[in-house]
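Participant:
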Ligand SMILES: Nc1ncnc2c1ncn2[C@@H]1O[C@H](COP(=O)(O)OP(=O)(O)OP(=O)(O)O)[C@@H](O)[C@H]1O
Ligand SMILES: [Mg+2]
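In this note's numbering, the protein residues as written are -3 to 340.
Written out as structure tokens, the structure is:
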């Protein structure tokens, strides 16, 4: 095949042998002084697979991504990516990965196109291939029209899309997305996901992403739930939820304490009591709920029944919520302040 012909074709991303993991970690650990931020993490990502690291603030998600992208050295353990060791072969690793960091790393004074050209230069993309690749990526993320405007005039969603395009310019085997949609509105989040899923399908790339948005984790084929540096559960979203073994029932009664005791004694369920009422999991809820309500010795003021979510899985495993409204607001403020250069 001559050069001209190869250029006119769709890029052939460096695809590892199908089925073999692109990334495999073995008891990866990272300590900062006395703090163990990542503890014995075992992860695998295969071609065409989206794997999610889901966990609350400080769980160790970014630290894991930073080790895998050679920005931090593991304290112990190891990881192989595209056949290379992350500590022994950092240069080769960097050629095989695309990273979208938690915080934007675009140069606001440059245009979108100039940011992409700069990336091609750093990654030594062969000169004749630079313009065709840049054009292709701009089309893919719908930024052709805005390409010659300075990035400082872009919206949050446009910046993220430009970062995704940039992360892909050197045709990585695996893409790391650290909180790719934090601070973005739900519609833009959905658009970003459309791009990521299309990329995975078209190029067979592997994706390792972090998030603390439950609904985003649903895009992953496999999820590792992380808490305090450790992976506490792993599986497909459906598989993890099926372990909840029942429907989630929420009750507000005239006497929650009495109802809790009665439920635990008569129905063998573990009930958590909050200000807003009682929560518990009832196996085969649709079949048993009517019978339960009919025999409950106190009046019910409010009732809701729903399928379990990943939030429930986390709550069951840790006794805590992965995220509450205040931390959501805090995160958005933190992100917006960082973008304005007020926070480091
Ligand atoms: N360079 C560092 N020096 C010391 N401690 C660090 C450093 N980087 C991270 N940590 C600590 O390691 C822990 C894990 O941090 P990390 O950034 O990996 O969490 P995260 O899961 O990405 O959280 P978030 O959802 O807030 O992004 C935290 O307690 C954090 O304070
Ligand atoms: Mg992080």
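For each residue, glycine too, the CB sits at the ideal point set by N, CA and C.
Which one or two residues does DSSP pair with residue 223 in a beta bridge?
Facilitator: Against the chain shown, residue 223 aligns to sequence position 227. In the DSSP output, where bridge partners are listed per residue, residue 223 has 226.
Participant: Return yes when the Cβ of residue 278 is within less than 9 Å of the Cβ of residue 308, no when it is not.
Facilitator: Here residue 308 is taken as the residue at index 312 of the chain shown, counted from 1. Here residue 278 is taken as the residue at index 282 of the chain shown, counted from 1. Cβ distance not < 9 Å, so residue 308 and residue 278 don't count as in contact.
Participant: How would you label residue 123, buried or exposed, when you count the other beta carbons within 10 angstroms and need 16 or more for buried?
Facilitator: Position 127 of the chain shown holds residue 123. That one is exposed.
Participant: Have a look at residue 181 and residue 265 and give me their C-alpha separation to the nearest angstrom.
Facilitator: Counted from its first residue, the chain shown places residue 181 at position 185. Counted from its first residue, the chain shown places residue 265 at position 269. So the two alpha carbons sit approximately 38 Å from each other.
Participant: Buried or exposed: residue 276, going by 16 or more other Cβ atoms within 10 Å of its Cβ?
Facilitator: The residue given as residue 276 occupies position 280 in the chain shown. By the neighbour-count rule (16 or more Cβ atoms within 10 Å), residue 276 is buried.
Participant: Could you round the C-beta distance between residue 37 and residue 24 to whole angstroms and report it? I think they count as a contact, below 8 Å.
Facilitator: Translated into positions along the chain shown, residue 37 becomes position 41. Translated into positions along the chain shown, residue 24 becomes position 28. The Cβ separation is near 4 Å, so the contact holds.
Participant: Identify which residue in 42, 51, 32, 73 has its Cα closest to the Cα of residue 227.
Facilitator: As a working mapping, residue 227 is identified with position 231 in the chain shown. When only C-alpha atoms are compared, the closest one is 51.
Participant: Can you tell me whether DSSP reads residue 269 as helix, strand or coil?
Facilitator: Stepping through the chain shown from its first residue, residue 269 is reached at position 273. DSSP places residue 269 in strand when its eight states are reduced to three.
Participant: Determine the closest residue to residue 208 out of 162, 234, 173, 133, with distance taken between C-alpha atoms.
Facilitator: Taking the chain shown and counting its residues from 1, the one referred to as residue 208 is at position 212. When only C-alpha atoms are compared, the closest one is 173.
Participant: Alpha carbon to alpha carbon, how far is residue 43 from residue 16? Give it in angstroms, no decimals.
Facilitator: As a working note, residue 16 is residue 20 in the chain shown. As a working note, residue 43 is residue 47 in the chain shown. C-alpha separation (whole angstroms): 8 Å.
Participant: Where does residue 251 land, buried or exposed, given buried means 16+ other C-beta within 10 angstroms?
Facilitator: Stepping through the chain shown from its first residue, residue 251 is reached at position 255. Exposed: under 16 other Cβ atoms inside 10 Å.
Participant: What are the residues that DSSP puts in a beta bridge with residue 243?
Facilitator: Residue numbering aside, residue 243 sits at position 247 when the chain shown is read from its first letter. Answer is 278, bridged to residue 243.
Participant: Near ligand 2, which residues have their beta-carbon closer than 7 Å to a heavy atom?
Facilitator: Checking every Cβ against the heavy atoms of ligand 2 under 7 Å gives 57, 58, 98, 174, 175, 206.
Participant: Can you give me the C-alpha to C-alpha distance between residue 259 and residue 247, rounded to a whole angstrom?
Facilitator: Here residue 259 is taken as the residue at index 263 of the chain shown, counted from 1. Here residue 247 is taken as the residue at index 251 of the chain shown, counted from 1. When rounded, the distance between both Cα atoms is 11 Å.
Participant: Mind checking whether the beta-carbon of residue 122 lies closer than 8 Å to any heavy atom of ligand 1?
Facilitator: As a working note, residue 122 is residue 126 in the chain shown. Not under cutoff, so the answer is no.
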